[in-house]
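The numbering used here puts the sequence shown at residues 3 to 397.
We treat Cβ as the ideally placed atom computed from N, Cα and C, and that holds for glycine.
All values derive from a computational prediction rather than experimental measurement.
Heads up, the thing below is written out as structure tokens.
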Amino acid sequence: WLHRDLLFAGNCLGEDPKNLRSTDSELVQDILERLVELEVSSEERVGEKIREQVFQIICSLYETDFEAQVLELLKEEFHRIDDIRLLNYRHELGEKYQVITILLTRLKHDDFVVRRRAADALGKLGNSSETVINALLAGLQDDDSDVRLRAAEALGQLGNSSETVVNVLIALVKDDHSFVRWRAANALGKLGNNSETVINALLARLMNDHSLVRLRVAEVLGQLGNSSETVINALIAGLMDDDSVARVIAANALGKLGNNSETVINALLAGLQDDDSDVRVTAANVLVNLGNSSETVINALIAGLQDDDSDVRVSAAEALGNLGNISETVVNALLALLMDDDYDVRKDAANALGKLGKTSNHILPTVIEWIEQHQDSEYVGSGIDALWDLVVGRE
């Protein structure tokens with residue numbers, strides 16, 4: 003069933019049982035041949051999960067008695083295996099030097115498709131030797147924009163944050179092609195360098211670039227954790243971007259930076275009034291993450307419980323539950339939501355009441371009273387859910 007026995011047998015070979023190859027060579031050959039046959043079968047027939055298991059099992063045979071045998075079987079099927087996948091197998095089964103050499107040669111191939119695939123593969127193999135890094139740096143100057151962006155992505159994956167690599171990526175953030183700028187910004191984020199030079203280069207893109215680039219730059223600024231006034235102000239400005247997705251990402255980035263100054267909070271409160279529901283949802287979530295439970299924030303979230311969009315009502319309810327304000331106004335607003343037409347809204351209102359009741363003695367009797375008053379309601383179950391959380395949570 004789902005090749006279970008074969009996969010189990012392959013895993014057993016990965017344990018490298020001694021003398022099995024000599025005592026039962028036919029069994030070993032049969033297992034390996036069937037594993038390779040699964041590898042070369044179409045993914046549509048085998049499935050992605052099984053193919054991934056096969057890849058892991060075959061690679062686990064590295065430095066076992068079966069390494070050379072399975073590698074030979076794979077090479078015999080070269081015409082049925084994707085070229086890069088076969089190189090991955092060869093790399094994992096001991097031919098690291100040969101594979102890296104092949105890929106470095108391909109980075110100089112006349113065909114840009116070959117160069118693209120080589121850059122991709124180098125990033126995934128994890129070899130960050132000086133030779134590989136220099137070859138990828140050269141790839142950043144390629145005439146083909148797709149080669150440049152893949153080389154940038156590979157450098158980010160390999161984690162080499164030397165001054166040379168960072169400086170070249172900073173220069174690439176100004177590339178003529180927007181996708182290249184996007185990948186360069188992405189690579190800088192992965193490398194984790196939040197120097198003033200890097201931040202300034204990213205800020206320049208945040209202010210004036212293709213929307214795709216602005217989106218990624220805002221995310222990277224949040225990742226890098228630089229919460230300088232300049233960065234914060236730029237992200238606040240991003241909350242007024244024409245693109246609603248950019249506004250969402252700017253809000254998320256502010257949440258990651260953890261700055262809960264009055265300026266940031268006011269900007270997020272304004273986000274609760276945004277025309278786009280996703281922005282309103284994000285603003286509510288970020289306000290919770292920042293932990294600001296001021297009266298102004300609480301009142302804005304209570305207003306969010308009346309939003310036309312159910313997702314916004316859900317987020318506002320979750321936020322109020324997490325912020326811990328147990329005022330009568332908050333509790334009554336959440337109780338009213340137990341009658342909402344939307345199931346998720348009712349569920350999250352009940353959850354919020356359950357959370358708040360763990361720090362207050364007056365919420366339990368209030369919920370019981372609500373249930374008694376709404377016994378004939380089709381939504382009384384929401385109140386019972388809240389009561390369950392309150393009672394079970396105290397045991």
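Original post:
With distances taken between CB atoms, is the gap from N254 to G224 smaller than 8 angstroms?
Top reply: Contact check for N254 against G224 passes: the beta carbons are separated by less than 8 angstroms.
**OP:** Kindly indicate which residue of I102, L8, R36, R216 has the alpha-carbon position closest to the one of R119.
**Re:** Checking every option, the nearest Cα to that of R119 belongs to I102.
Original post:
Should the stretch 67 to 80 be called in touch with the stretch 98 to 118, which here means at least 3 C-beta pairs below 8 angstroms?
Top reply: When Cβ pairs closer than 8 angstroms are counted between the two stretches, the stretch 67 to 80 is seen not to touch the stretch 98 to 118, the count staying below three.
Original post:
Is it buried or exposed for A153, if we count other Cβ within 10 angstroms and need 16 for buried?
Top reply: Classification of A153: buried, given that the 10 Å Cβ count is 16 or more.
Subject >> Unbroken stretches of the beta strand (DSSP E), 3 residues or longer, contained in the stretch 278 to 305 >> reply: Listed in chain order, nothing qualifies, since the stretch 278 to 305 has no complete beta strand (DSSP E) run of 3 or more residues.
Subject >> Straight-line gap, R6 to G125 (C-alpha atoms, nearest Å) >> reply: Within the model, the alpha-carbon separation for R6 versus G125 is close to 32 angstroms.
Original post:
Who are the near neighbours of N261 in its chain, counting only those whose CB is closer than 7 angstroms to its CB and skipping five residues on each side?
Top reply: Excluding positions up to five away in sequence, the list reads S229, I234.
Subject >> Completely contained alpha helix (DSSP H) runs for the stretch 90 to 171, where each covers 4 or more residues >> reply: For the stretch 90 to 171, whole alpha helix (DSSP H) runs of length 4 or above, ordered along the chain, are 98 to 108, 114 to 127, 132 to 141, 147 to 160.
Subject >> Where the alpha helix (DSSP H) containing I83 begins and where it ends >> reply: Under the DSSP assignment, I83 falls outside any alpha helix (DSSP H); it carries neither an H nor an E label.
Original post:
How should Y345 be labelled, buried or exposed, when 16 other C-beta atoms within 10 angstroms of its C-beta is the threshold for buried?
Top reply: Residue burial annotation: Y345 is exposed, with fewer than 16 other C-beta atoms found within 10 angstroms of its C-beta.
Original post:
When you compare only the Cα positions, how much space is there between V182 and A140?
Top reply: About 15 angstroms.
Subject >> Exposed unless 16 or more other CB atoms sit within 10 angstroms - verdict on T265 >> reply: Flag for T265 reads exposed.
**OP:** Please report how far the alpha carbon of D276 lies from the alpha carbon of I59, in whole angstroms.
**Re:** C-alpha separation (whole angstroms): 51 angstroms.
Subject >> Start and end residues, alpha helix (DSSP H) containing T331 >> reply: Here the alpha helix (DSSP H) through T331 covers 330 to 339.
Original post:
Is H179 near S147, with beta carbons less than 8 angstroms apart?
Top reply: Inclusion of H179 and S147 in the CB contact set at 8 angstroms is warranted, their separation being smaller than that value.
Subject >> Local conformation of Q275 per DSSP, three classes >> reply: Correct three-state label for Q275: coil.
Original post:
Would you call L29 buried or exposed, if buried means 16 or more other Cβ atoms sit within 10 Å of its Cβ?
Top reply: Per the 10 Å Cβ criterion, exposed.
Subject >> Nearest-angstrom Cα separation, counted from R53 out to E45 >> reply: Taken atom to atom, the span from the alpha-carbon of E45 to that of R53 is near 7 angstroms.
**OP:** Can you check the stretch 176 to 200 for any alpha helix (DSSP H) of at least 4 residues that lies completely inside it and give the ranges in chain order?
**Re:** If we require 4 residues or more, the alpha helix (DSSP H) runs fully inside the stretch 176 to 200 come out as 180 to 193.
**OP:** On a CA-only basis, which of N268, S263, E297, N324 is nearest N287? Give me that one, please.
**Re:** If we check each option's Cα against that of N287, N324 comes out closest.
**OP:** Pick helix, strand or coil for S230, following the three-state DSSP scheme.
**Re:** It is coil, neither helix nor strand.
Original post:
So, is R348 buried or exposed, given that buried needs 16 or more other C-beta atoms within 10 angstroms?
Top reply: Buried: at least 16 other Cβ atoms inside 10 Å.
Subject >> Status (buried if at least 16 other CB within 10 Å, exposed otherwise) for S191 >> reply: In the sequence under discussion, the amino acid at residue 191 is Gly, which differs from the Ser named in the question. When all chains shown are included, G191 counts as buried.
Original post:
Hey, how far is the Cα of L15 from the Cα of F80?
Top reply: Each residue's Cα considered, the two are about 23 angstroms apart.
**OP:** Identify whether I386 lies in helix, strand or coil by the three-state DSSP scheme.
**Re:** In the three-state DSSP reduction, I386 falls in the helix class (H, G or I).
Original post:
Just curious, the alpha helix (DSSP H) that P367 is in, first and last residue?
Top reply: Where P367 is concerned, the enclosing alpha helix (DSSP H) starts and stops at 365 to 375.
**OP:** Would you mind giving the Cβ-Cβ distance between L270 and A248, rounded to the nearest angstrom? I have them listed as a contact below 8 angstroms.
**Re:** In this structure, L270 and A248 do not form a Cβ contact; the two beta carbons are roughly 15 angstroms apart against a cut-off of 8 angstroms.
Subject >> Pick from L22, R23, V38 that is closest to L9, judged by C-alpha positions >> reply: Checking every option, the nearest Cα to that of L9 belongs to V38.
Original post:
Do you know offhand how far L174's Cα is from A220's?
Top reply: Linking L174 to A220 through their CA atoms gives a straight-line distance of about 17 angstroms.
**OP:** Check whether the Cβ atoms of L336 and L366 lie closer than 8 angstroms to each other.
**Re:** For the 8 angstroms CB-CB criterion, L336 and L366 do not form a contact.
**OP:** Using three-state DSSP, classify E397 as helix, strand or coil.
**Re:** Because the pLDDT of E397 is 47, which lies under 50, any placement of that residue in the model is unreliable, and the question is left without a value.
**OP:** Have a look at L193 and D391 and give me their C-alpha separation to the nearest angstrom.
**Re:** Each residue's alpha carbon lies about 44 angstroms from the other.
**OP:** Helix, strand or coil for Q55, going by three-state DSSP, please let me know.
**Re:** Helix at Q55.
**OP:** Using the Cα positions of M242 and L208, report the straight-line distance between them to the nearest angstrom.
**Re:** Those two C-alpha atoms are separated by around 12 angstroms.
**OP:** Just confirm the distance between the C-beta atoms of A436 and D309, as a whole number of angstroms; I'd bet it's less than 8 angstroms.
**Re:** Here the chain has residues from 3 to 397 only, and residue 436 is not among them.
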